Every structure is written in structure tokens, then in C-alpha cells.
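Reading through the C-alpha cells given below for one structure.
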Amino acid sequence: MNVLKTTWLAAVLLAWTSLAQAADLTIEITRGSDRATPIAVVPFADGESLPQDIARIVADDLERSGYFEPLAREAMFDRPASSEEVRFGEWSALDVRYLVVGRVSREADGVRIAYELMDVSGQRRLLGETVTAGGDELRGAAHYISDQVFEAITDIRGAFSTRIAYVTSRGIGDSAAYALHIADADGRNSQQVLASDQPIMSPAWSPDGTKLAYVSFETERPAIYVQELASGRRAKVTAFEGLNSAPAWSPDGRRLAMSLSKDGQPDIYLMTLDSRELRRVTRNPGIDTEPAWAPDGRSLLFTSDRSGGPQIYRHDLRSGEEERLTFTGSYNARARVAPDGETIFLIHRGGNGFQVARQDLANDRLVTLTQTGNAESPSVAPNGTMVIFATQQGGNGVLGGVSADGRASFRLPAAQGDVREPAWSPFLQ
Amino acid sequence: MARHERRVGYGLPLLLAVALHLAIVAVTVIRFPERAPEAPSRDIVQATLIRTETTTDQAQRAQQARARAAARQDADADAAEQAVAEQEAAEREAAEQAAARQAEEAERQQQQAREEARRAAEEEAARRAEQAERQAREREEAERQRQAEAERQRQAEAEAERQRQAEAEAERQRQAEAEAERQRQAEAEAERQRQAEAEAEAEAERQRQAEAEAERQRQAEAEAERQRQAEAEAERQRQAEAQARRAAEAASQGLDRAIEGEADSVADARQAAEAANSFITLVRRAVEQAWVIPPNVSDGARAEVSVRLGPSGELFAATIEQSSGNSAFDRSALQAVEAAAPFAELRQLPASVQRDYRQFNLRFQPGEIR
Chain E
1 MNVLKTTWLA AVLLAWTSLA QAADLTIEIT RGSDRATPIA VVPFADGESL
51 PQDIARIVAD DLERSGYFEP LAREAMFDRP ASSEEVRFGE WSALDVRYLV
101 VGRVSREADG VRIAYELMDV SGQRRLLGET VTAGGDELRG AAHYISDQVF
151 EAITDIRGAF STRIAYVTSR GIGDSAAYAL HIADADGRNS QQVLASDQPI
201 MSPAWSPDGT KLAYVSFETE RPAIYVQELA SGRRAKVTAF EGLNSAPAWS
251 PDGRRLAMSL SKDGQPDIYL MTLDSRELRR VTRNPGIDTE PAWAPDGRSL
301 LFTSDRSGGP QIYRHDLRSG EEERLTFTGS YNARARVAPD GETIFLIHRG
351 GNGFQVARQD LANDRLVTLT QTGNAESPSV APNGTMVIFA TQQGGNGVLG
401 GVSADGRASF RLPAAQGDVR EPAWSPFLQ
Chain B
430 MARHERRVGY GLPLLLAVAL HLAIVAVTVI RFPERAPEAP SRDIVQATLI
480 RTETTTDQAQ RAQQARARAA ARQDADADAA EQAVAEQEAA EREAAEQAAA
530 RQAEEAERQQ QQAREEARRA AEEEAARRAE QAERQARERE EAERQRQAEA
580 ERQRQAEAEA ERQRQAEAEA ERQRQAEAEA ERQRQAEAEA ERQRQAEAEA
630 EAEAERQRQA EAEAERQRQA EAEAERQRQA EAEAERQRQA EAQARRAAEA
680 ASQGLDRAIE GEADSVADAR QAAEAANSFI TLVRRAVEQA WVIPPNVSDG
730 ARAEVSVRLG PSGELFAATI EQSSGNSAFD RSALQAVEAA APFAELRQLP
780 ASVQRDYRQF NLRFQPGEIR
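Sequence order for the protein chains is E and B.
If you read the first sequence in my numbering, its first letter stands for residue 1, the second for the next number, and so on.
If you read the second sequence in my numbering, its first letter stands for residue 430, the second for the next number, and so on.
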């Protein structure tokens, strides 16, 4: 009996020693949830009297980015106005990771907005700031807060204070009316900058965000114009015979890449804006169009049908070498380069029609981001996290957006008429 | 190779000379007697001519002898007939006595003449033989002289050839020597180079050895360090084991007290292991569900979070053990742990092992990000 007891003791001892090593246990976490980050943006205290609901604008901004999932206001038990009033356990129970609270007060010089951002699970205050805004700057102030919150959480600069340009059209034939608009990145606060009874196309932001280049048919022949947004002054840059299309500003803002057919088929040209000096970039019997600058300004991407169907090519401006970049499918066009220069967004025709797709230049892997079909004219946000594009809804052109990783998509509020050719502005001062 | 060819060229004349000498010996020793009988038949005319000049006083006899010899030589019968005819004429002209004497005399004369003729013929033959011999000797001599001359010439030629060869040989030797000299120099040069290389090699070797030595030393040090660490580790393990043993003993004592039989305690241990595995799985699942990976995370991002739990699985502390370098990523990991807590499953573990699972690490590393 005694021997048996010793044996059992040894067995138990072995089990114990093996379990004792569990102290050095490391568990591998290789997968995450598919959901966006839950956040609660509590309505700002005393904000009811303001014409704009700051907290709503912030929540919508964050939601539109695709990375946040704002908590519905009805689910909030409590409406704290500052970090002192926050009972973290309450928000933690709602599985909210971040919490934005704020208070609004009217001052002589405008509206003062004090807001704070908290990490609920860590029970930490990440951000606290007071913003003063004029009565007509409340949306801008809200977008500013969105930018700060976004950057504090993701380490990526927010692009909610940027703007978009787009073209609208109404009517057909002789009664057709075209207009060039700019609006906040959320589609609100739109302004008309040009109206014409002839088509307007391809708006392009100057790198400093003060000018737009576009193509107008107002002289019954397409011509490229550059228009100063603040003053409305504009200048005709090119009106060569044939097509004058797709202007694109160089990163330093001194040159304009464009597609001209004055020498035959459309080819890519560069114009130095100060001297109006023109330099031909591509020489090809096929159609070369839709130039887009690499962020370093050393190369141009463009669409060419030289291989049969439209594909994206890259032209090195120093060596003159040209290289085909897209090989997935028979239709890839209208490329735009992400700010990091490592990713391009383009229109790809797949099984479900024309979609916005992303291609990583490092591995040439093409990923389709949208499912709607009929996507056209993608334009990437200056922080690279979102892409805006034109699509069709109920026979009308509307603007859609998708996050760069394809996780979130959104629609911009419908403007009147057919909306097309969105162009996302650079970061604005 | 050239030398060998020349040797072959030398051998042929030598062979010819030996053959010639042998031929000469053969001629002098063997062919002379053979020639002797041949000579008279050819030299008969000469011999006759010499005799006419030198033997005028014996004209008659010679004539007779000649006739007789000719007759004898031609046919003995003719000579006999002539003699018989002369005898018959003498008999007819002279008296019986005279005739007898005359006949006797004739007979004597005939005999004498025959004798004479025979002697002359013999002398003649001897003379001819002698002459033939002389001539043969002369020819032989001439031949010898010719041969000697030829031999001399051959020798001269051979000598010349030898000289040429000697010269060629000398030339060859000179060239060979020059060549040898060149070779010697080349070899000397090569030797020098070899030595230089050997020196360099030796130097390299010395360096290598020095390095190897240094490497050995380093390795030895590293080894020593490893050993120290291993010992320290072993010590730690020993202590851990001792601790575990103590704990186990204490626990087993407790268990002993707590449970009724040994079989139950083993079942408990197995249960504990199973519960531990399921606890790990539950923690992983809960954290993965709670982890919201932030946007634009680089592929290699990795963060390690150290987790401490309270006795009932509540989160005591979650701290970044190893940062990813991306604050958003680090925070997402912490938040995942905080959101997944409390880990109440800890209480399902056997009370004895719960302590061991109240501290662990979580390594956050997304496998595939879109």
C-alpha cells in the first residue's frame, strides 16, 4: 500500500511540474474581429441650441471612414459632458472602446467647444481640447474634431476637413445644364464654382488646394482651364485641336500632365504652367490618357490601350522607360496613386461590372473593393484611407466611398441631378 | 625525339659499312679460288700476245708447240695422223736404215717435241695462271684500293656526318643549355614566387590561426557563457522543480486530505490538464473576438501583452511586454484583452492549478490583413 501510494504521488508530482510551466505560457492571437472599432460620441452638452449637431457630425465622419462603429444614441444610459463624469464600467459594459464627450458654450467670439477622448477599456483620457468656431464654421469645427479623434486612435492623419470637387448635370440636349461644385468631404456645404450649358469634365485639385484644373467644352471644343477657387478667376491653358483632357497637377504644382490628341492619337503631355511650355511624354500609336502623378513626382501612371484593352502603365520621367503595371483582367483604367506611393486605386472590370480596385505595387495583387458595379472616376483621400468614386443609383449618378481596405463603404448625400467625376482635395490649411 | 631520329640515320651507314667489310672479306677469302679457273679462258688472248713479244728465239718450237698444242688441244687424233703421215713420207724417201734412224730420230724428235710441247704448254699454263693470278691480285688490289678509297670516303663522309651531327649536337646542346638556363631562371622565378606565396600563405595561415584562435577563444567564452547560463537555467529549473515539488507535496498532502483515494487524485490531475487546455482555447477565442485590428497595420506588426488575472479571472493588469512600434496597434491589443476580460473560466480549473494560469502572455500578430 505504501509503495502504491508513492507511485501515485510521483504521478501527481509529474502532472504538477508540467502545469507549473504554464507560468511562461504565451497564447498566439492571429485573428481579429471583422467589426469596426466601437466608439460612443456622446451628444455635446448644451449643444441643442446650435444649428449643427457637432457630436452627430463627428460620429458620422468616424463611421464613414469605415474604421469606427458609433454607438446609437438610444443605447447610451448616460450623457457625461467631461471625463470626470464618465463611469467607465458603464461604457465598458456596452463594449465601447472609445468615448468622445464634449460641452458647447456660446462666447462673444463664437462658439466654444470643449471635447475629450477616452480609452474606455484602458480607462484613460487620450485627448482633450477646446475649439472656438464662428457660427458658420461649426461643421468645419466638427470635422476638425473628427480629424483629431481619428488621428489619436489610429495614428493616421484624419481627412475629414478636406473637400471634394464634382460635376453635376441636369437635363438633356439643349436644356442641359452642367456645373462644377466643391463640397466638404461629407458631401455637405456644397458650392457651385462654374456653370455651363456645355459639358465640364475631369476636375483636378492643385496640390495647395487653391485651384482647380478642368476640361470645359464651352467653346465647343474641349479646352483645359485653371480656376482659382478663392477669386473665381480662370485661365484657358490649352485648346489644341482634338482632345484636351484629363489634367493632373504635379506634386510641386508647377506642371500639368494632360492627354492631347493634337499629334494624332491621344498621348500624354506635360505643360509647365509658368511658361506654357509643352513636352510630349508618350509616343504611341495607341490611346494614352488619364495621367496620374506618383507622389514623388518622378513618374506618371496612365491608361493605355497599346496592348489591346485599357491597362495601367507607368512612365519614368527621367529614363523615359514605360512599364505595364496591371495584368489582372482585361480592363484596368483611371489609376490614382495612394499618398504612400505603394498602392494604386483604379477601375477594374470584373465579373460584376466596373469596380473600384486596389493594387499593391509591391506584389501586384489586385483586390476589388466595391460590389456595386458601374463605378468610375476613383479619387483617393489625402490620407489614403478612403476612396471616393462615381456610381449609378436609380439611373442617376451618385457619389460613393469605400475604405482603402474595403471594409466600409458609404454613399454621399445625393446632390441634385447627375453627379460625376469626384476629385478629393489635398489636405487643406 | 630528334636525337632518336638522327641515331637511326647514323645506323644505316654503319650497317652498310659492316656489310661492305664483310663483302670484302668474303671476296678476298672465298671468291679468289673460284675466280682462278675463270681467268684463263678469258685471258688466253693476252697471254699469247705477251709470248710473241718475249719468246722470239723459240719461234720454231713455239710454232710447232703451238701447232701441236693447238693440235693437242684441238684433237690428239689430228697430231697423231700428221705424225703418221710424216713417218710414211720419210720411209718412202730414205733408206731403210736412215729411214729407221730417221724414224727413230723422228720418233725421238716427236717425243721430244711432244715433251717440249707439253712442257711449253705447262709453262704456258703456269705462266698464264701466274699472270691470271697477278692480274687477279692487281684487280684485287685495285678493288681493295677502290674499296679503301670508298671506305676512306665513307669514313670521311661519316666523319663529316659525325662532325655535322656533333655540330648539330653541339647546337642542340647549346640550345638545350640555353633552354635549360631559361628553364632554370623560370624555375628560379617560380621558386621565388612559390616562396613568396608560401610566405603569404604562411602569413595567411598565421592570421587564420590567430583568427581561429580568437574564434576558439570567443567560442570558448560563449560556451562558458552558455554553460553559465545553462547552469543558471538548470539552477532556476531545479529551484522551480523544487518549488513545484514542494507545492506538489503540499498540494498532495492537501489532496491526500481532501480526497478519499489515490485514483481520484490521478483523475483530478488529468482533469486539470484538460481544463488547462480548454482555458487556453477560451482565452484565445475571447481575445480574438474582442480584437479590432486598426487600419493600415503593416504586415509584420507584432505586440506582446503580459496579462495578470485575479483569483476569479478578473483582469488585474494588462501591459505591453513588447511593443509593435505602432501605438494604435498596441492599444488595440490591450483593448482586446480588456474587452475580453474577465476570464471567469479560470474558476473552472482545479483550485490547485488556478494560480498557475493567472499570469500569461498574449502575442498579437495578424495572420492575414486585407
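Note that CB positions come from ideal geometry on N, CA and C, so glycine has one too.
Since the structure is predicted, the reported quantities are computational estimates derived from the model, not experimental observations.
{"Check": "Would you check if there are 3 or more beta carbon pairs closer than 8 Å linking the region 190 to 204 of chain E to the region 135 to 149 of chain E?", "Outcome": "no"}
{"Check": "Quick check on residue 649 of chain B - is its C-beta less than 8 Å from some C-beta in chain E?", "Outcome": "no"}
{"Check": "Report all residues from its chain with a CB closer than 8 Å to the CB of residue 43 of chain E; omit the five preceding and five following residues, and keep chain order.", "Outcome": "53, 55, 56, 73 and 79"}
{"Check": "Does the structure place the region 717 to 732 of chain B close enough to the region 751 to 758 of chain B that three or more beta carbon pairs sit under 8 Å?", "Outcome": "yes"}
{"Check": "Please name the residue in B/796, B/794, B/700 and B/789 whose C-alpha comes closest to that of residue 25 of chain E.", "Outcome": "B/789"}
{"Check": "The alpha helix (DSSP H) that contains residue 766 of chain B, what's its start and end?", "Outcome": "756 to 769"}
{"Check": "Can you list, in chain order, the residues of the region 650 to 674 of chain B whose Cβ is nearer than 9 Å to any Cβ on chain E?", "Outcome": "669, 670, 672, 673 and 674"}
{"Check": "Using 8 Å as the threshold, is the region 416 to 423 of chain E in touch with the region 555 to 575 of chain B, meaning 3 or more CB pairs across them?", "Outcome": "no"}
{"Check": "Between residue 772 of chain B and chain E, is any beta-carbon pair separated by less than 8 Å?", "Outcome": "no"}
{"Check": "Got a sec? Which residues, its chain only, sit under 6 Å from residue 768 of chain B by beta carbon, not counting five neighbours each side?", "Outcome": "719"}
{"Check": "Going along the chain, which residues of the region 706 to 724 of chain B sit with their C-beta nearer than 8 Å to a C-beta in chain E?", "Outcome": "709, 712, 713, 716, 717, 718, 719, 720, 721, 722, 723 and 724"}
{"Check": "Rounded to whole angstroms, how far is the Cβ of residue 476 of chain E from the Cβ of residue 300 of chain E, which I believe are closer than 8 Å?", "Outcome": "Residue 476 of chain E is absent from the structure shown; chain E starts at 1 and stops at 429."}
{"Check": "Mapping DSSP to helix, strand and coil, what is residue 175 of chain E?", "Outcome": "helix"}
{"Check": "Based on Cα-Cα distance, which residue from E/268, E/180, E/176 and E/134 lies nearest to residue 433 of chain E?", "Outcome": "In this structure chain E extends from 1 to 429, so residue 433 of chain E is not present and cannot be described."}
{"Check": "How would you label residue 481 of chain B, buried or exposed, when you count the other beta carbons within 10 angstroms and need 16 or more for buried?", "Outcome": "Any reading at residue 481 of chain B needs caution, since the residue's pLDDT is 43, under 50, leaving its predicted position unreliable; the model's value is listed next. Exposed."}
{"Check": "Are at least three pairs of beta-carbons, each pair with one atom in the region 132 to 146 of chain E and one in the region 103 to 123 of chain E, less than 8 Å apart?", "Outcome": "yes"}
{"Check": "How long is the line joining the alpha carbons of residue 202 of chain E and residue 247 of chain E, rounded to whole angstroms?", "Outcome": "7 Å"}
{"Check": "Hey, residue 721 of chain B and residue 37 of chain E: beta-carbon distance below 8 Å or not?", "Outcome": "yes"}
{"Check": "Work out the CA separation of residue 657 of chain B and residue 645 of chain B for me, nearest whole Å.", "Outcome": "17 Å"}
{"Check": "Does the Cβ-Cβ distance between residue 183 of chain E and residue 164 of chain E come in under 8 Å?", "Outcome": "yes"}
{"Check": "Going by DSSP, name the residue or residues bridged to residue 424 of chain E.", "Outcome": "E/164"}
{"Check": "Any C-beta of chain E within less than 7 Å: which residues of the region 771 to 797 of chain B qualify?", "Outcome": "782, 785, 786, 788, 789, 790, 791, 792, 793, 794, 795 and 796"}
{"Check": "Might you give, ordered along the chain, the residues of its own chain that have their beta carbon closer than 7 Å to the beta carbon of residue 105 of chain E, omitting 5 neighbours on each side?", "Outcome": "46 and 112"}
{"Check": "Less than 8 Å between CB atoms is the rule here; does residue 768 of chain B satisfy it with respect to chain E?", "Outcome": "yes"}
{"Check": "Alpha carbon to alpha carbon, how far is residue 615 of chain B from residue 321 of chain E? Give it in angstroms, no decimals.", "Outcome": "56 Å"}
{"Check": "Indicate the three-state DSSP secondary structure (helix, strand or coil) for residue 207 of chain E in the structure shown.", "Outcome": "coil"}
{"Check": "Would you kindly work out how many angstroms separate the C-alpha atoms of residue 371 of chain E and residue 352 of chain E, rounded to a whole number?", "Outcome": "7 Å"}
{"Check": "Does any residue of chain B bring its CB to less than 8 Å from the CB of residue 163 of chain E?", "Outcome": "no"}
{"Check": "State the start and end residues of the unbroken beta strand (DSSP E) segment that holds residue 366 of chain E.", "Outcome": "365 to 368"}
{"Check": "Looking at the structure shown, is residue 243 of chain E part of a helix, part of a strand, or coil, going by DSSP?", "Outcome": "coil"}
{"Check": "Quick one: Cα of residue 229 of chain E to Cα of residue 244 of chain E, how far?", "Outcome": "22 Å"}
{"Check": "What is the DSSP secondary structure of residue 740 of chain B, reduced to helix, strand or coil?", "Outcome": "coil"}
{"Check": "Out of B/772, B/601 and B/540, point me to the one whose CA is closest to residue 710 of chain B's CA.", "Outcome": "B/772"}
{"Check": "What are the residues of the region 747 to 759 of chain B that lie near chain E, defined by any Cβ-Cβ distance shorter than 7 Å?", "Outcome": "755, 756 and 757"}
{"Check": "Helix, strand or coil: how does DSSP classify residue 217 of chain E here?", "Outcome": "coil"}
{"Check": "Who are the neighbours of residue 32 of chain E on chain B, taking C-beta pairs under 7 Å?", "Outcome": "717, 720, 721, 722 and 795"}
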